[in-house]
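These notes are about the structure you will find just below.
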Ligand SMILES: Nc1ncnc2c1ncn2[C@@H]1O[C@H](COP(=O)(O)OP(=O)(O)O)[C@@H](O)[C@H]1O
Ligand SMILES: [Mg+2]
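Residue numbers (the numbering used here), protein chains in the order written: chain A, 1175 to 1436; chain B, 2 to 234.
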C-alpha cells in the first residue's frame, strides 16, 4: 500500500502549483539573500587578513618623540611576544610638483614590512628617485620620468627626485582617490594630500622615526579576531614595561600605540 | 476489574484567571464488548471525557484504566502508540482529508497500524462499494460519515469512540449510521461508545451513562437492548 501522506502532499502541490512555485522561489531567494548577508562579513574579514598577511603588515606601531636607535630596536626585539621589529622613517614635506605644491608623506621603502605594490615603473634604486601614488600623477599632469622637489627641508640627502614608478601601500588601504583621508600633519592645510616612497638612505637621520612590530603567532590568527587581539594586547603590555624602564632612566620617551590594524 | 474504569477523574481548563471544571470527580465503568451511549446536555463534559479516553487529552486528577493499564501515566510517546493501536475515533464533522479519495482516507489511517483490516472490504461493508474513488467533496454528509466510520474500524481498534456521529445528519441517514455502529458492536464484539444528546436512541445501548455538570449523574444498565430498527423518534 502506498504512503497516503505522500499522496495528499503531492495533490496539495498539484492543485495549487502556482502558489507552491512562488513560495518555493520566494524562500529560495530569502535563503540566498540571508546566506549572502551572513557570509559577507566573514569573507571581508578573511580577505583583509590575507592581504595583510601577504604584505607582512605590522601588528603594533611605535612612535617616539626622540626616535629609535638601533639599540632600542634590539631591546624591543628581545621581548618574548615579539617576532620582529623594523625601524622605519617617514616625514611630511611640501613637494613641488611643477605648478603647485602638495603636502606629501615621504616613507622609507622597506622590503620586509608593510610591503608595497609597485603598480607601474620600478622601485626607487637610488636617493634621487621616488615612487608616488597614481593619483598624484593624474592630478598634476605628471608622468613617470618627471621630476619633483622637496621644498625647504634639510632632512634629506637629495631633494630633487625623479619619479620612477607608481605605488600602492597597505598603510593607506582606503586611499583610493586623491580626496581620501591620509591623515593629518602640521604642514600646509594640515591635511596630507599624498604618500610617496623613497629609499631609507635618503633620510638624513641617525635614528628611526617609528618602529613596526610583528607579534609572534599573530599572522596565523584572523585580524581583529578575539584571539588576535589577545596576542597583541599581551605584546603591548610587554612593550609598555620597557617604556617605563626607559622613562626612569630618562633615556628616551616613546608612545607604544596599538594601531590595531584599522 | 472492568475493561474501562474512570476513577474520580478531574479536568480543569485554565482560561487566564478563570478555572473551568470540565470534569469533576467523574467515575464509571464499561465492560468489554458493550455498546454504551453517553447522554447529557451541552457543556456537561462528554467530549472532554471521550477525548481523555481516546488519549487526545490528559487528566488533571484521577485515574483512567483501559484493559488494566493506567493511561494517565502515559507519556506523549506512549499516547501516540495507544491512539494508533487501540482507538478508532468518529467525529461529528467527519474530519476527512479533502485531497484523498474515500479509499485513500482509509488507507492513510491504517498505514501505521499492525493488525488492520483491508480498507476495500470495510468500505464495502459500510455500503460504499461504488464510491471508493470519490473525494469527500463528492460525497453526501452521511456517506462522508460512513467513510469516517470505515476509517475508524479498519484500524481494528479495541475501542470505537463516536462523538455525536449523527449530529450533522438528517433522521434517515442518522439512523443508517447508528445501524452501522450497532452492527459493528454486535458482530465484531467491539467496545463502542457513542455520545449523543438524543435521549431517544438510548434503548439501543447495553449501558447508558448520563452526564450533568461534569460528573456522572446516572448509569442505567439495559438488560434487553432494542435494535435500532425498532426505535423511532
Ligand atoms: N479546550 C478547552 N478550553 C477551555 N474550556 C474547555 C475546553 N474544552 C472544553 N471546555 C469546557 O469544558 C466544558 C465541557 O465541555 P465539553 O466536554 O466539550 O462538553 P460537551 O458535553 O458538550 O461535549 C465546557 O464548559 C467547555 O466550555
Ligand atoms: Mg461535545
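For every residue, glycine included, the Cβ atom is placed at its ideal position computed from N, Cα and C.
Roughly how many angstroms separate the alpha carbons of residue i and residue j, rounded to a whole number?
i: residue 176(B); j: residue 53(B); result: 27 Å
i: residue 13(B); j: residue 1216(A); result: 53 Å
i: residue 1415(A); j: residue 1320(A); result: 48 Å
i: residue 68(B); j: residue 97(B); result: 29 Å
i: residue 178(B); j: residue 33(B); result: 22 Å
i: residue 1277(A); j: residue 1305(A); result: 15 Å
i: residue 1381(A); j: residue 1249(A); result: 15 Å
i: residue 162(B); j: residue 1208(A); result: 49 Å
i: residue 128(B); j: residue 43(B); result: 32 Å
i: residue 1365(A); j: residue 1202(A); result: 49 Å
i: residue 1206(A); j: residue 156(B); result: 45 Å
i: residue 1241(A); j: residue 1379(A); result: 10 Å
i: residue 1412(A); j: residue 1396(A); result: 22 Å
i: residue 124(B); j: residue 217(B); result: 36 Å
i: residue 94(B); j: residue 169(B); result: 7 Å
i: residue 46(B); j: residue 9(B); result: 14 Å
i: residue 1204(A); j: residue 1212(A); result: 12 Å
i: residue 1406(A); j: residue 1223(A); result: 15 Å
i: residue 231(B); j: residue 172(B); result: 14 Å
i: residue 1332(A); j: residue 1270(A); result: 14 Å
Compute the minimum distance between the beta carbon of residue i and the heavy atoms of ligand 2, and state whether it is under 7 Å.
i: residue 48(B); result: yes
i: residue 71(B); result: no
i: residue 164(B); result: yes
What residue from the options has the CA that sits closest to residue i's CA?
i: residue 1328(A); options: 1368(A), 1267(A), 1291(A); result: 1267(A)
i: residue 219(B); options: 126(B), 35(B), 41(B), 55(B); result: 41(B)
i: residue 159(B); options: 134(B), 11(B), 194(B), 105(B); result: 194(B)
i: residue 1259(A); options: 1271(A), 1246(A), 1270(A), 1265(A); result: 1246(A)
i: residue 1376(A); options: 1301(A), 1202(A), 1309(A), 1338(A); result: 1301(A)
i: residue 1337(A); options: 1218(A), 1318(A), 1418(A), 1270(A); result: 1318(A)
i: residue 106(B); options: 116(B), 94(B), 120(B); result: 120(B)
i: residue 202(B); options: 144(B), 104(B), 226(B); result: 226(B)
i: residue 66(B); options: 4(B), 26(B), 78(B), 93(B); result: 4(B)
i: residue 1311(A); options: 1274(A), 1288(A), 1282(A); result: 1274(A)
i: residue 1342(A); options: 1371(A), 1362(A), 1316(A), 1322(A); result: 1371(A)
i: residue 1417(A); options: 1356(A), 1351(A), 1374(A), 1238(A); result: 1238(A)
i: residue 150(B); options: 30(B), 89(B), 131(B); result: 89(B)
i: residue 1236(A); options: 1264(A), 1228(A), 1254(A); result: 1264(A)
Answer yes or no: does any C-beta atom of chain B fall closer than 8 Å to that of residue i?
i: residue 1193(A); result: no
i: residue 1175(A); result: yes
i: residue 1394(A); result: no
i: residue 1400(A); result: no
i: residue 1180(A); result: no
i: residue 1186(A); result: yes
Going by the C-beta, is residue i closer than 7 Å to any heavy atom of ligand 1?
i: residue 200(B); result: no
i: residue 43(B); result: yes
i: residue 150(B); result: no
i: residue 169(B); result: no
i: residue 21(B); result: yes
i: residue 16(B); result: yes
i: residue 212(B); result: yes
Go ahead and label residue i buried or exposed: buried means 16 or more other beta carbons lie within 10 angstroms of its beta carbon, across all protein chains shown.
i: residue 1178(A); result: buried
i: residue 198(B); result: exposed
i: residue 1402(A); result: buried
i: residue 1367(A); result: buried
i: residue 1394(A); result: exposed
i: residue 1196(A); result: exposed
i: residue 50(B); result: buried
i: residue 1325(A); result: exposed
i: residue 1363(A); result: exposed
i: residue 228(B); result: exposed
i: residue 126(B); result: buried
Against chain A, with Cβ distances strictly below 8 Å, would residue i count as a contact?
i: residue 98(B); result: yes
i: residue 105(B); result: yes
i: residue 112(B); result: yes
i: residue 109(B); result: yes
i: residue 118(B); result: no
Mind listing the chain D neighbours of residue i? Cutoff is C-beta to C-beta under 8 Å, in chain order.
i: residue 101(B); result: Among the chains of the structure shown, chain D does not appear; the protein chains present are A and B.
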